[in-house]
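In the numbering used here, the protein residues as written are 2 to 189.
This is the structure in C-alpha cells:
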C-alpha cells in the first residue's frame with residue numbers, strides 16, 4: 002500500500018499509523034502537541050470560571066507534577082535517552098509534545114548548565130492578544146514553577162532561573178530566556 006499523504010479518499014477500516022507518509026505523521030505529531038496545550042488551557046479556564054483562578058492554578062500544578070514524571074519516563078524509555086543531567090533533559094525536551102508548542106534554542110555549556118531561549122510561544126501570544134496584562138505575571142508566576150516541575154520529572158536538581166521574561170518590547174523580541182543549572186553548580 003502506498004503511504005497516504007492525506008486521508009481524503011475512501012475509509013480504510015484497517016488504517017494504521019504505518020500507512021501514513023512521514024510528512025503527514027509529522028503534521029499530526031505537531032497537531033497533537035497543540036491539542037495537548039489546548040486541553041490544558043480549556044480545563045484550566047473551566048476551573049477558573051467555576052471556582053476561581055487560585056484553585057485552577059493549584060490544580061494545574063498538581064496535574065503537571067504527575068504528568069511531567071509520567072511523560073519524561075515514557076519518552077526517555079521509548080527513545081533511549083539516558084542520564085539525568087542537563088543535556089539528557091534537553092534531549093527529552095526536544096521529544097516532548099508540550100515543548101513542541103514553543104520554538105526555542107539551547108546553548109549547552111556543559112553537563113551542568115545551559116541557556117534556553119524561547120523565540121516563539123503560543124501561550125504568550127494568546128496572553129498578549131488577550132490584552133489584560135497577564136503575560137508578564139503569568140510567565141513569572143506560572144512558567145517559572147512549570148519549568149522546574151518538568152525538570153523534576155527527570156531530576157529535581159535541575160533548576161530554571163529566568164534571565165528575561167515578558168512583556169516583550171515588540172513581536173520580534175524573544176519570548177523569554179532561562180538559565181538551566183544543576184542545583185549548587187552555577188556555571189552559566
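All C-beta atoms in this analysis are idealised placements derived from N, C-alpha and C, irrespective of residue type, glycine included.
Specify, as a first and last residue, the run of the beta strand (DSSP E) that residue 163 falls within.
-> Within the chain shown, residue 163 is the residue found at index 162, counting from 1. Per DSSP, residue 163 belongs to the beta strand (DSSP E) from 159-165.
Requested in this report: Name the residue from 128, 165, 133 and 126 whose alpha carbon lies nearest to the alpha carbon of residue 145.
Outcome: Counted from its first residue, the chain shown places residue 145 at position 144. That would be 165, whose Cα lies nearest to the Cα of residue 145.
Could you name the residues of the same chain whose beta carbon sits closer than 7 Å to that of residue 112, not counting the 5 residues immediately before and after it, in chain order? What you label residue 112 is simply residue 111 of the chain shown in a count that begins at 1. Closer than 7 Å at the Cβ level, and outside the excluded window around residue 112, lie 86, 87 and 88.
What is the DSSP secondary structure of residue 16, reduced to helix, strand or coil? The residue labelled residue 16 in the question sits at position 15 within the chain shown. The answer is coil: DSSP assigns residue 16 none of H, G, I, E or B.
Compute the Euclidean distance between the alpha carbons of residue 7 and residue 35, then round it to the nearest angstrom. Mapped onto the chain shown, residue 7 falls at position 6. Mapped onto the chain shown, residue 35 falls at position 34. For residue 7 and residue 35, the distance between alpha carbons rounds to 19 Å.
Q.
Give me the DSSP bridge partner(s) of residue 44.
A. Indexing the chain shown from 1 puts residue 44 at position 43. According to DSSP, residue 44 bridges with nothing at all.
May I ask which residues mark the beginning and end of the alpha helix (DSSP H) holding residue 64? Along the chain shown, read from residue 1 onward, the residue named residue 64 stands at position 63. Per DSSP, residue 64 belongs to the alpha helix (DSSP H) from 54-80.
Quickly, what does DSSP pair residue 87 with across the bridge? List them, please.
-> Counting from one through the chain shown, the residue named residue 87 turns up at place 86. Bridge partners of residue 87: none, in fact.
(message) Using a 10 Å radius around the Cβ and a threshold of 16 neighbouring Cβ atoms, would you call residue 124 buried or exposed?
(response) Counting from one through the chain shown, the residue named residue 124 turns up at place 123. Classification for residue 124: buried.
Integer-rounded CB distance, given that residue 116 should sit under 8 Å from residue 177:
Counted from its first residue, the chain shown places residue 177 at position 176. Counted from its first residue, the chain shown places residue 116 at position 115. Contact flag wrong, Cβ pair sits at about 11 Å.
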